[in-house]
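Following this note's numbering, the numbering of the sequence shown begins with 8 at its first residue and continues without gaps.
Glycine residues also receive a C-beta, built at the ideal position from the N, C-alpha and C atoms.
Values in this document were obtained by computation on a predicted structure and should not be read as measured data.
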Amino acid sequence: MAQLDQLVAYCNDRTRLHAYTDAPGAKNGLQVANNGTVTKIGAAVDAGLVPFRAAVAAGVDFLIVHHGMYWDMPQLLTGPVYDRVATLITGNCALYSNHLPLDGHQEIGNNVLLAKQLGLTPDQPFMMIDGEPVGVSAPWSGTRADLHAALATHYERVVPITCGSDSPRRIAFCSGSGNSAMKELIKTGIDTMVTGELREEWFNVAQERGINVFLCGHYATEVHAVQALATELAAKFDLPWEFIRTDNPL
8 MAQLDQLVAY
18 CNDRTRLHAY
28 TDAPGAKNGL
38 QVANNGTVTK
48 IGAAVDAGLV
58 PFRAAVAAGV
68 DFLIVHHGMY
78 WDMPQLLTGP
88 VYDRVATLIT
98 GNCALYSNHL
108 PLDGHQEIGN
118 NVLLAKQLGL
128 TPDQPFMMID
138 GEPVGVSAPW
148 SGTRADLHAA
158 LATHYERVVP
168 ITCGSDSPRR
178 IAFCSGSGNS
188 AMKELIKTGI
198 DTMVTGELRE
208 EWFNVAQERG
218 INVFLCGHYA
228 TEVHAVQALA
238 TELAAKFDLP
248 WEFIRTDNPL
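Following this line, the structure appears as structure tokens:
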């Protein structure tokens, strides 16, 4: 058993939560409290009724998510919105959310871990927001086909947009949505990016600008950091932890 406030403080410090300016709806940090103690940690990508029910059923009383509960708030506490809140409160499950800090963290962030999945060592930040990195980039010595094959060993569905070099020398990584990263990619001169998903109109830009983009799924590219943070937290406080998978195909 551990104290809720100790876990929250560790997560805030470890992720440098207060260094990042995030979207207003992110509401990074503790979003819903419990009775003040924690016996089991959970990690999930998204806040939602189904992952909340699964977490409570698994005995989780501290759930770390990447996408928190307040992106579409305020809403009336009725219907599914009420069910989400009621599931957490009746299940005594605290909810902790961490968005951009867990994308950009240089050790346990989604983008560093995406690069390391491919055996790469990131050596440059990519896409800075108010002086803090969100993505990373790393040198690449293989071909574009080699990159596609390597990604396919980790992700069930990889959508390639191959309009750039056959032999890219540097790869940018931007987990989740790559929409805000495309202009940054053009500015840096990097012609290849690994991301989760893009809006349709960016295909035309990739053709015009000669860019390779590999889309591996928004959800799939953001499972890494919440698991890394939960693993560290569990070891620090000698608690069990579990990943709450929702098999989101998007």
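Option in 241, 172, 255 and 245 with minimal Cα separation from residue 217: Against the sequence shown, residue 217 aligns to sequence position 210. Considering only alpha carbons, the answer is 172.
For residue 53: DSSP bridge partner residues: Along the sequence shown, read from residue 1 onward, the residue named residue 53 stands at position 46. 74, per the DSSP bridge assignment.
Residue 82 - DSSP class collapsed to helix/strand/coil: If you number the sequence shown from 1, residue 82 lands on position 75. Coil at residue 82, not helix or strand.
Secondary structure, beta strand (DSSP E): runs of 3+ residues fully inside the segment 155-213: 166-169, 177-184 and 199-204
Continuous alpha helix (DSSP H) assignments of at least 4 residues falling wholly in the segment 18-64: 56-64
Cβ pair count under 8 Å reaching 3, the segment 208-225 against the segment 162-177: yes
DSSP-derived helix/strand/coil call for residue 15: On the sequence shown, position 8 is the one that residue 15 refers to. Note: residue 15 maps to helix in three-state DSSP.
Contact set for residue 14: own chain, Cβ-Cβ below 7 Å, skip 5 residues either direction: Within the sequence shown, the letter at position 7 stands for residue 14. Cβ within range, chain order: 45, 69, 240 and 244.
Cβ pair count under 8 Å reaching 3, the segment 108-119 against the segment 135-148: yes
Residue ranges of each alpha helix (DSSP H) within the segment 106-149, 4 or longer: 107-111 and 117-124
Alpha-carbon spacing of residue 33 relative to residue 72, whole angstroms: As a working mapping, residue 33 is identified with position 26 in the sequence shown. As a working mapping, residue 72 is identified with position 65 in the sequence shown. Cα to Cα, the separation comes out at about 11 Å.
Residues bridged to residue 233 (per DSSP): Taking the sequence shown and counting its residues from 1, one reaches residue 233 at position 226. Residue 233 pairs with nothing; no bridge assigned.
At least three beta-carbon pairs within less than 8 Å, the segment 120-138 to the segment 186-194: yes
Enclosing beta strand (DSSP E) for residue 101 [first to last residue]: Working through the sequence shown from its first residue, we reach residue 101 at position 94. Taken as a continuous stretch (DSSP letters only), the beta strand (DSSP E) holding residue 101 covers 101-104.
Inter-stretch contact at 8 Å, needing at least 3 Cβ pairs: the segment 58-68 / the segment 83-98: yes
Opening and closing residue of the beta strand (DSSP E) in which residue 219 lies: Translated into positions along the sequence shown, residue 219 becomes position 212. Where residue 219 is concerned, the enclosing beta strand (DSSP E) stretches over 219-222.
Same chain only: Cβ atoms within 7 Å of residue 192, ignoring 5 sequence neighbours per side: Locating residue 192 in the sequence shown gives position 185, counting from the first residue. 179, 200 and 218, listed in sequence order.
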